[in-house]
Every structure is written in C-alpha cells, then in structure tokens.
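Line order of the protein sequences matches chains Y and Z. With this note's numbering, the residue at position 36 of the first sequence is 36, and numbering never jumps. Plus 1000 on top of the position in the second sequence (first one is 1) and you've got this note's numbering. Yeah, the Cβ is synthetic: ideal placement off N, Cα and C, and Gly gets one too. Take a look at the structure below.
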Amino acid sequence: MRFETMTEAIGNTPLVRIDPAVHGLRNIDLYAKMELLNPFGSLKDRAAWNMARPLLTQAVERGDTVVELSSGNTAKALAVIAGMHGLTFKSVTNRMKVAEIKDLLLLLGAEIDELPGQAECLDPTDTDDPLTRMYHRLAGSGGGYLHTDQYFNELNVDAHLNGTGPEIVKDLDGRAPDYFIACIGTAGSSTGVAAALRQHNPDVRVVGLVAHKSDFIPGIRTIDEVHEVGLFDPDVYDTVETITADDAIDGLLTLVRRCGTLAGPTGGGAYQGAVRHLRAVDAQLAERRSAVFIVCDRVESYLSYLRERRPELFGRAPRRNSLRTVTDAEVGQAATVDVAEAQRWITERRGLVVDLRSPFAYQALHIDGSINIVDELFAELLHGGLPFGRRQPVLLVCPVGEKSARYAALLTRMGHPDVRSLDGGIIAWRDAGAELVRD
Amino acid sequence: MPLHLSPRIGPELRSALAETVLLAQLSDALGSPLGVVLPQQLTGNVVAFRSVFSAHRLSGQIYYAHKANRSNALVRELAATDAGIDVASLAELQHALGAGFVPQRIVATGPKNQEFLWLAARTGVIVSADSVAELAALAALVRDRSLPRVRVMARLSGFTSAGVQLNSRRSRFGVSVAAASEVLDVIEKHADALDLVGVAFHLDTIGLPEKVVALEGCLGVLDECRRRGLRPWSVDIGGGFGVDYLADGAQWEQYTSALTEAVLGRRAPLTWNGHGYGLRAENGHVRGSLNLYPAHRPISGPAYLDRLLRTTAPEQRRPLGTLLLDNMYDLHVEPGRALLDQCGLVLASVLEVREDANGDTIVRLDCNARDVSLEEHGVLMDPVVVHRTTPAGPGPAGAYLFGNLCLEADLITRRKVFLPSLPRIGDLLAFVNTAGYLMDFSATQALRQPIGRKVALYRDDGAWRWCLDEQYWPVHHPVEAP
Ligand SMILES: Cc1ncc(COP(=O)(O)O)c(C=O)c1O
Ligand SMILES: Cc1ncc(COP(=O)(O)O)c(C=O)c1O
Chain Y
1 MRFETMTEAI GNTPLVRIDP AVHGLRNIDL YAKMELLNPF GSLKDRAAWN MARPLLTQAV
61 ERGDTVVELS SGNTAKALAV IAGMHGLTFK SVTNRMKVAE IKDLLLLLGA EIDELPGQAE
121 CLDPTDTDDP LTRMYHRLAG SGGGYLHTDQ YFNELNVDAH LNGTGPEIVK DLDGRAPDYF
181 IACIGTAGSS TGVAAALRQH NPDVRVVGLV AHKSDFIPGI RTIDEVHEVG LFDPDVYDTV
241 ETITADDAID GLLTLVRRCG TLAGPTGGGA YQGAVRHLRA VDAQLAERRS AVFIVCDRVE
301 SYLSYLRERR PELFGRAPRR NSLRTVTDAE VGQAATVDVA EAQRWITERR GLVVDLRSPF
361 AYQALHIDGS INIVDELFAE LLHGGLPFGR RQPVLLVCPV GEKSARYAAL LTRMGHPDVR
421 SLDGGIIAWR DAGAELVRD
Chain Z
1001 MPLHLSPRIG PELRSALAET VLLAQLSDAL GSPLGVVLPQ QLTGNVVAFR SVFSAHRLSG
1061 QIYYAHKANR SNALVRELAA TDAGIDVASL AELQHALGAG FVPQRIVATG PKNQEFLWLA
1121 ARTGVIVSAD SVAELAALAA LVRDRSLPRV RVMARLSGFT SAGVQLNSRR SRFGVSVAAA
1181 SEVLDVIEKH ADALDLVGVA FHLDTIGLPE KVVALEGCLG VLDECRRRGL RPWSVDIGGG
1241 FGVDYLADGA QWEQYTSALT EAVLGRRAPL TWNGHGYGLR AENGHVRGSL NLYPAHRPIS
1301 GPAYLDRLLR TTAPEQRRPL GTLLLDNMYD LHVEPGRALL DQCGLVLASV LEVREDANGD
1361 TIVRLDCNAR DVSLEEHGVL MDPVVVHRTT PAGPGPAGAY LFGNLCLEAD LITRRKVFLP
1421 SLPRIGDLLA FVNTAGYLMD FSATQALRQP IGRKVALYRD DGAWRWCLDE QYWPVHHPVE
1481 AP
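Right, here's the structure in full:
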C-alpha cells in the first residue's frame, strides 16, 4: 500500500471474527468492524473527511477556521485534517470530560472552547442548547468558519452509507449480517451502515445503543440527549437499548484482554450490548446467523476515565517508606517544637529547615533560611531512602503541623535520629507574629 | 404510571409534618399561605459545612447569604452559632446587627448605596466591594466622616484559563481579574482608609470547573498582593453549593425522560399548555435545553465544597484546599440555599378541587406563584398533602395547582403533579424544603393579596412549639438565677 496522504488511509478496516469461546454464542457468528484502525484513531475519521473535503479548497483560500461541536473523535480527526491543510481548528464543547482527549487536542493545535455550566439561580431567558449557542456565535462572527455540523450533516451519514456499510457486505461475501449493533453519538454511522445493509437484506435487525441516563460514556449520548441529534431517526432502529458505563468497561476489558482489540469504552459497550441482545436470541435459533458490531476507537485515550471508575485495575505493589503506613502512635511519638523554640533553633542555625508547602506558597512567604521540597516530591524522595545524612538535624514545616509530624515520624522510623516538626505549622508561626520573608 | 418527584424530607421536617392538627390550626389562625421556618435545623447545617473546613484543616467563616430568606428567626438562631452573615442591603445589615451579629461576623456584598456603605463602615463590617469606583467612594466616605479604616474584600470576575478556553456567563458584578491591579492601586492609594483582607468571587453556576479556575485565579491575585507588600489572608468563594431536593434520583430521570417524550408528542402532555421547560420540538427533534434546577443533586451543599477543595488546580497542580492551606489563607463561603436545606416549608390551603372539561383535575390554592416560587426558580418537587380528615379520593391523583391571582400565568406548578391522595377543600398542601429562595424571595402584594405570614417551629424539651417569626429568639425559657 502506497499513499500520497494519510487521508487515503481512511476506511477499508478489517472485519474480525470474535472467538466463540469468548462470547459464548452457539449459533451466531459475531464480527467486529475494526474502526479503531483508522489513521487518526476512530470511526469519525470517515465522517470528518467526508464532511470537510468538499469545503477545503474554499476554506484554504479564505483562511477559514474549522469549527465543530465535538468533545472527542470528530474533533481529533478535524484537527488533523485542518492541520494538514494549514487551517486552524476550534472545538466547541460542554462535555469534554476526558483529560487525555483534551490534552491530545491541544497537542494537535486545536483551540477548545468550553461552554459555561448551568446557572445556580435560574435564568428563565436562557433556554439555548449548546448547538444553538454555537450557531449564534458563528452567525455573529460574520464568517470565517468552516462548520462541519456533524449532528445535522448528511455527509456524515453518507460516509458510512458508501464506506463502512458496503465494506461489511463485501467482507461477508456479498451478504448483509442478520444483526447490526452500534452505539449512537451523532447517529451518522449507525444510520449510514443500516441503510447500506438493508439494501442487501431489508430484514437486518438494527440495535442502537445509548448510555444509561445517569452514566457518562464518552462519545455517545444518553436516551434523552439522542433526541437532540438532527440525524437521529428512531425508525432506523429496531430497538434502542441502554448500556451503563460498567457494561462498557466490562466489554472493553474482554476486547483488550482476550480479543487482541485495543478498544475504547464504546467498542466495549457495543460488544457487551451485542452479546446481551444476541444471547436472548441465540437460545431459540435453529440455523446460523451473523452479527456485526462497531469498535469505534482505541483504549489509550481513556486511561483516566478507567482509572477513575476502576482504580483496582491499576493497582500497583505498595512502595517502601510510604507515608500511608505511618501509624497514629508513631505520629504521637514524633518530636515537635513550638514556635518560640523553633525560632531559637533557627537563629542558632542548628540545622536544615524543610518547608513542605507548594513552591508558589513558599515563594510568596516563607521562614528565612528554609528550603522548599513540596510534600509530593518529598514523599517520592523518601521511597528511595533518606535524602540527607543522619547527622543533619532537620526541622519540618507544613501549614498546620500535621503533615510535618507524619513525615517526622516516617523519617524517625527510617532511622533519622534528629528530626522534628513545627507544632501548629507555619500558620501558628504567622499567628505568633514571627517573621516571614520573600525574595 | 404516576410520575412522582418526591421531596427529600429529613427526620425533623418529617416530624413537623406529622403535627397535622397544629399545622391546620396555624393555617386557620394565620391564613394562607403560611411560611413555616425551622430555625434549629440551621445548627446542623452549619456544623456540616464546618466539618468540611476541619477535614481540610482550613479556617475561615461561613457567611449565611441572608437574601435567601427574609425570616427573623433564621437569622437570630444563626447568631447563636459561630457562623457569620452576608448582607446585601441596608435593611439586611440592620437586621443582622439587631439579631446579635457583631460586625466581625458580617460581610456586606452586592450593589450598595451611600447609606449602606456608611453603616457598614461605621460599624466596621467587612465590605466586599464590587468595583474600583465603590472602593474609591468608600475611601472618600471614610476620610470625609473620619471613620475607622474599613476592612475590604475585592470581588473579582472574568477569570480566564490557560489551554482550554473555559467560558463563563458574563457577570454584572466584580472587577475583571485582568484589571485587578487597578483595584490594588486604589487600595494602596487609600491605605489609610482601606484595609484589604482578601479577594472574593461568586459565580452563578453549578459548574465546578469554572469555580476551580476562579479560585486559582484568586490565588494569583493574592500573590500579586504579596508582591506589593499587601497582606490579605483570605479568599471568599461566594455561594452556589446547591441543594438536593429529591428523595429519589430515579424519579428525576424518569420525569425528565418523560418530559422529552411529551415535548416530542410521543406521550400525553405532562404540562399546562404543553409547556416544555425550555425544550421544544422542531421537525421531530428536541431543541433548547432543560431550563430547570437540577433537583436531583447528590453532590450538593457541604459535599460540593469538599469536591471543590479536593479538585486539583490546573496550573499549580495541587488540590485547591491544599493550596489555600499552604498559603495560610482563610476560606470564606456564602451559602444561602444550601444552608437553608430542610429549614422550612410553605403551607397553602385548598380552595377548590374540580375536574375541568378536558378531564384534568384542578386544585386551586389560596396562595400564588410568588408565594411558593417553585416555577420561577425551576425547582420541580411534589407537595405533601396534609389532610384534615380523610382523602377525597384514592391516590395518586394527577393535578394542576392554580394560584389565587386573577392571572392566566398564576400556576403554582405548570406541570401536572401526582399527589399521593386527592385533597378536600380546606386541606393543606405543604411545599417542603422551600426556605431557600422559594418562600418569600419573590413574594409581592399584587392584587392586594397578602404576603404570607411566617412562624417559627421549634423544639423545646422535645416538644414542638411555635411562635410568630418576629417573636422568635434562640432562648426558649427564662434561665433562673442559681
Ligand atoms: C467513541 C465513540 N463511539 C461511538 C461514536 C458514535 O458514532 P456516531 O457519531 O456515528 O453515532 C462516537 C461518535 O462521536 C464516538 O466518539
Ligand atoms: C455574592 C453572593 N453570595 C452568595 C450568594 C448565595 O448563593 P446560594 O444561595 O446559591 O448559595 C449569592 C446569591 O445570589 C450572591 O450573589
């Protein structure tokens, strides 16, 4: 395969059979459409390219900014495409909740505009949805934008009607699958693929998946939100079912651990939703059937999402000299000094004063002669052992004397014979009228 | 299926509601509507906020935003705790002083006239200034009238974030952070009259990310103060901690889903004249946004504050609570709604129960939509029926609640509420947990209808007792000399 540009690598993704030993369906062949293998990382590469391509020449001439209401994959693809054509891309969003995706977009050179949260005191005149607000903004700006408008743009559907759908049919030797299962974001992919499949077999059963209402699954909508989507037509789906974030993660784990498929949460959700729906059907079947679901994107962008919901997946072995292992009894035995004594200790230059507060706070005001090692860094150092000699007397300082006492206890346990904590911390120091300096 | 939105009712409020005879007597004697406040609930609410402060080892004050309720009893009870008060008008300041708050426990916020500024400066309360002009006027007043140096906070707004552009609604109040140096210039220029004790913000949003940016922005301005040799030691982050109004989140989800379907015409209307609460249908799709208070807010009040303090500041990359502590700053908060959680209810008597031509049940109440301003504030929560005898019919009964004004729009609820049982004429509807903004914030005398009276309901030696709101003081029986 030799290409002139990366956009030529969009599409023609493999259709891969999921091992029956994994899904346990006896009469159904389950296939995954591997959209995660698109060059910019997701299914949305197809829609982004299909929507932007016809407008690019003009946009380049005018130097327009590409804009889209997107918090993820469409934004990512458009940012890359804009960059390839020397244009800037701006993503407008009120739901950018995944840190890695935000960072990735910034890395790609995108601008991100986050819309304000709901007012605490109701403003009855404020009834605009994010999309309407964005339209107002674009209208008010007097041009200069290429707005791909993914929630309403038929070219989003066409990308799948002419691409994703026919590819599936071709890979199934010219036959449509009996079942097609997909998550709904803009509804572009499910609508387009469903139409393409039904051209071959009007009886294809189409299952749309949306997020459970109180859940957040990045990239797809909840049962209420889906009604806001311009491309969404309930008649496309034989049934619309909900999946929870837990379902999505369970499915993701199956795909990444057992199927060689590094799928993101919606791929996992589609797998889980597919197996749940098909299991009920499977029992009644007398002949073989086939089903296809979509793996939209990759797992790597969702590590923080997973870490937040399943911290146990990231469990690491405990590290030595960890502050968490210090007992209250040890803290009780740690040496402390009050402000007056600390003042004497410091004037007589008896040892090292370590201020554990943040660098900004330290730089703003600190005890003269102290050095700053912020507690996180100090904790990190201690995992490796004592960062100063045993003959070096130390006075630890923190805001209220609590953290410093814990560290004093830990250092004592680590064998340091001469460490103490400032009782009441730097707040007591200030309240006693003792001197604070800045450089 | 009835779509209930059952209110979250704590044990004290529940016990008060069980006093049906007392409630009926009060309503008969004092008229409808009747505001009932439970001042003693405040103590626990203050303690809950305090415990978040202590968990983060932070010092600072909890200033009750007086504007949330006009009650005397609530303010006087609060004076008996260690909380402070945020006053936003001359009359609120007079009220707070008279209720027993010493000036050290009072902060004056909001737009101020000359008289308000004078009384604030004269008594020595903290003045949270909205603009450079206000600071200049205050300094002139102090000098002109030979008043003592006034402690001031500078209210800021227009915070900006790096990287992601986080948009906030434009605010009428506060000085843009970009112009913070002008504030500091004025304070330095009038150092003899103004003593800067901190910076402040109040953002009208439920969005945590915006508050995170604002709080970190304040730290930046305080840093600038330190560079200049000023020594303010506090940040006031305003109010807006919210209340969880509903007992069951699933009901809220069911209701809002059903509303979406009703707007799309997929089910019978749930509202008067198909009102969509901000949603509308266009070509089979929903447009607009649900313009309602998020009545189901599991993370609200003290928990919301805790969440904010645990959030990592985007630039300094340490939790905000830790940063405040590192810098030795006090944290001040101004909760209104959240501090009044479970502190009151409004009683309204039923004037009429009928079925209209469409088959809808109408319950007409002797109060108007300004007396129980659930609709104005977008809070959807069912009332509790207080029967005098037996229900008029088995429940649940779907009904629209009409007010007593000769005005088409005077609906206490624009949605059909599902009452657990049908009331009779003379029965009472209790709108619970309405002390914060929903009781008297908007009450007017339109059509010469009276503004509801208010009583305080309190426990003394375990028993429920009551008095007129203005008669209430937090001492319930004479202490005898030993
Ligand atoms: C991760 C993810 N999964 C699934 C989808 C759904 O695709 P569509 O927008 O075509 O409905 C999206 C769309 O944004 C997505 O980002
Ligand atoms: C300056 C200020 N502080 C505090 C509050 C109280 O807000 P809440 O009742 O939402 O806590 C308000 C409300 O308008 C306010 O304007």
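Top-ranked residue by Cα proximity to residue i, from the options
| i | options | result |
| --- | --- | --- |
| Z:Pro1200 | Z:Gly1301, Z:Arg1228, Z:Val1186, Z:Gly1158 | Before going further, note that residue 1200 of chain Z is Ala rather than Pro in the sequence given. Out of Z:Gly1301, Z:Arg1228, Z:Val1186, Z:Gly1158, Z:Gly1158 has the C-alpha closest to the C-alpha of Z:Ala1200. |
| Z:Ser1071 | Z:Pro1383, Z:Asp1356, Z:Gly1336, Z:Glu1480 | Z:Gly1336 |
| Y:Leu36 | Y:Leu56, Y:Thr13, Y:Tyr407, Y:Trp49 | Y:Thr13 |
| Z:Val1183 | Z:Pro1209, Z:Ser1128, Z:Thr1160, Z:Ala1214 | Z:Ser1128 |
| Z:Gly1198 | Z:Val1152, Z:Ala1481, Z:Val1132, Z:Leu1074 | Z:Val1152 |
| Y:Gly142 | Y:Asp64, Y:Leu306, Y:Ala9, Y:Thr254 | Y:Asp64 |
| Z:Pro1474 | Z:Glu1480, Z:Ala1463, Z:Gly1462, Z:Ala1456 | Z:Ala1456 |
| Y:Met34 | Y:Val22, Y:Pro20, Y:Gly11 | Y:Gly11 |
| Y:Asn94 | Z:Val1125, Z:Glu1210, Z:Glu1019, Z:Pro1103 | Z:Glu1210 |
| Z:Ser1027 | Z:Gln1040, Z:Ser1234, Z:Ala1430 | Z:Ala1430 |
| Z:Ala1247 | Z:Met1381, Z:Leu1374, Z:Pro1269 | Z:Met1381 |
| Z:His1387 | Z:Arg1415, Z:Thr1413, Z:Leu1419, Z:Asp1356 | Z:Leu1419 |
| Z:Leu1279 | Z:Leu1030, Z:Ala1262, Z:Leu1468 | Z:Ala1262 |
| Z:Asp1005 | Z:Gln1449, Z:Val1379, Z:Ala1446 | As written in the sequence, residue 1005 of chain Z is Leu, which differs from the Asp given in the question. Per the Cα distances, Z:Val1379. |
| Y:Thr164 | Y:Arg17, Y:Arg430, Y:Val295 | Y:Val295 |
| Z:Arg1518 | Z:Leu1034, Z:Gly1393, Z:Leu1078, Z:His1056 | Here chain Z covers residues 1001 to 1482 and nothing more, so residue 1518 of chain Z does not appear. |
| Y:Glu348 | Y:Arg288, Y:Glu114, Y:Leu395 | Y:Leu395 |
| Y:Val66 | Y:Tyr31, Y:Asp113, Y:Leu30 | Y:Asp113 |
| Z:Leu1447 | Z:Asp1410, Z:Asp1144, Z:Tyr1458 | Z:Asp1410 |
| Z:Arg1486 | Z:Asn1045, Z:Gly1207, Z:Leu1215 | Since the first and last residues shown for chain Z are 1001 and 1482, residue 1486 of chain Z lies out of range. |
Identified DSSP bridge partners for residue i
| i | result |
| --- | --- |
| Z:Tyr1064 | Z:Ile1085 |
| Y:Ala364 | Paired residues: none, contrary to the question. |
| Y:Glu114 | Y:Thr93, Z:Leu1166 |
| Z:Cys1467 | Z:Ala1456 |
| Z:Phe1402 | Z:Arg1364, Z:Leu1411 |
| Y:Ala211 | Y:Thr222, Y:Ile243 |
| Z:Arg1287 | Z:Arg1280 |
| Z:Asp1341 | DSSP output for Z:Asp1341 lists no bridge partner at all. |
| Z:Ser1128 | Z:Met1153 |
Worksheet item: Which ranges does the beta strand (DSSP E) cover as unbroken runs of at least 3 residues, wholly within the stretch 367-424 of chain Y, from first to last along the chain?
Response: 394-397, 419-422
Worksheet item: Counting pairs of Cβ atoms below 8 Å between the stretch 152-163 of chain Y and the stretch 186-201 of chain Y, do you hit three or more?
Response: Yes, they touch.
Discussion item. When you compare the stretch 263-279 of chain Y with the stretch 205-217 of chain Y, are there three or more beta-carbon pairs, one atom per stretch, that lie closer than 8 Å?
Written reply: Output reads yes: the stretch 205-217 of chain Y touches the stretch 263-279 of chain Y.
Item to complete: Inspect the CB distances between the stretch 1322-1340 of chain Z and the stretch 1051-1069 of chain Z and report whether three or more fall short of 8 Å.
Response: yes
Discussion item. Quick check for students: name the residue ranges of the alpha helix (DSSP H) that lie wholly in the stretch 249-335 of chain Y, counting only runs of 4 or more.
Written reply: Scanning the stretch 249-335 of chain Y for uninterrupted alpha helix (DSSP H) segments of 4 residues or longer gives 265-282, 303-309, 328-333, listed from N- to C-terminal end.
Item to complete: Determine contact between the stretch 1367-1378 of chain Z and the stretch 1402-1410 of chain Z, defined as no fewer than three beta-carbon pairs at a distance below 8 Å.
Response: The stretch 1367-1378 of chain Z is in contact with the stretch 1402-1410 of chain Z.
Worksheet item: Of all the residues that make up the stretch 1270-1287 of chain Z, which are near chain Y by a beta-carbon distance shorter than 7 Å?
Response: Gly1278, His1285, Val1286, Arg1287
Item to complete: Compile a chain-ordered list of the residues in the stretch 329-362 of chain Y whose CB is closer than 7 Å to at least one CB of chain Z.
Response: Cβ contacts with chain Z: Arg357, Ser358, Phe360, Ala361.
Fill in: Whole runs of the beta strand (DSSP E) within the stretch 1344-1382 of chain Z, excluding any shorter than 3 residues
1344-1355, 1361-1365
Item to complete: Identify every run of the beta strand (DSSP E) within the stretch 1187-1241 of chain Z, keeping only runs that are complete inside it and at least 3 residues long; order them along the chain.
Response: 1194-1200, 1234-1236
Worksheet item: Quick one: complete beta strand (DSSP E) runs, 3+ long, within the stretch 53-104 of chain Y?
Response: 65-69, 89-93
Discussion item. Please identify, using Cβ separations under 9 Å, the residues of the stretch 1188-1208 of chain Z that lie next to chain Y, in order along the chain.
Written reply: Leu1203, Asp1204, Thr1205, Ile1206, Gly1207, Leu1208
Discussion item. At a CB distance below 7 Å, what residues from the stretch 1216-1235 of chain Z approach chain Y? Give them in sequence order.
Written reply: Within the stretch 1216-1235 of chain Z, the qualifying residues are Asp1223, Arg1226.
Item to complete: Please name the residues in the stretch 94-112 of chain Y whose beta-carbon is closer than 8 Å to at least one beta-carbon of chain Z, in chain order.
Response: Met96, Lys102, Leu106, Glu111, Ile112
Item to complete: Using a Cβ-Cβ cut-off of less than 8 Å, list which residues of the stretch 1158-1171 of chain Z approach chain Y; keep chain order.
Response: Gly1163, Val1164, Gln1165, Leu1166, Asn1167, Ser1168, Arg1169
Worksheet item: Would the stretch 1131-1138 of chain Z and the stretch 1103-1121 of chain Z be scored as touching if the rule is three or more Cβ pairs under 8 Å?
Response: yes
Worksheet entry | 3 or more residues per run - each beta strand (DSSP E) lying fully within the stretch 1003-1046 of chain Z | 1034-1037
Worksheet entry | Stretch pair the stretch 332-351 of chain Y + the stretch 419-429 of chain Y: three plus CB contacts closer than 8 Å | yes
Worksheet entry | Members of the stretch 183-215 of chain Y near chain Z, C-beta cut-off 7 Å | Lys213, Ser214
Item to complete: Residues of the stretch 1398-1410 of chain Z with a CB closer than 9 Å to any CB of chain Y: list them in chain order, please.
Response: none
Worksheet item: Does the stretch 175-183 of chain Y come close enough to the stretch 69-80 of chain Y to have 3 or more Cβ pairs within less than 8 Å?
Response: no
Item to complete: Give the residues from the stretch 1050-1063 of chain Z that approach chain Y closer than 7 Å (Cβ to any Cβ), ordered along the chain.
Response: Arg1057
Discussion item. For the structure I just gave you, are there three or more beta carbon pairs, one from the stretch 1251-1265 of chain Z and one from the stretch 1302-1312 of chain Z, closer than 8 Å?
Written reply: no
Worksheet item: Does the count of Cβ pairs from the stretch 1091-1101 of chain Z and the stretch 1353-1364 of chain Z closer than 8 Å reach three?
Response: no
Worksheet item: What residues in the stretch 1286-1315 of chain Z bring their beta carbon closer than 8 Å to a beta carbon of chain Y?
Response: Val1286, Arg1287, Gly1288, Ser1289, Asn1291, Leu1292, Tyr1293, Pro1294
Worksheet entry | Length-filtered (4 minimum) alpha helix (DSSP H) runs lying within the stretch 14-47 of chain Y | 20-23
Worksheet item: Closer than 8 Å, Cβ to any Cβ of chain Y: which residues of the stretch 1315-1326 of chain Z, in chain order?
Response: Gln1316, Arg1318, Thr1322, Leu1323, Leu1325, Asp1326
Worksheet entry | Any 3 or more C-beta pairs closer than 8 Å across the stretch 1320-1328 of chain Z and the stretch 1338-1348 of chain Z | no
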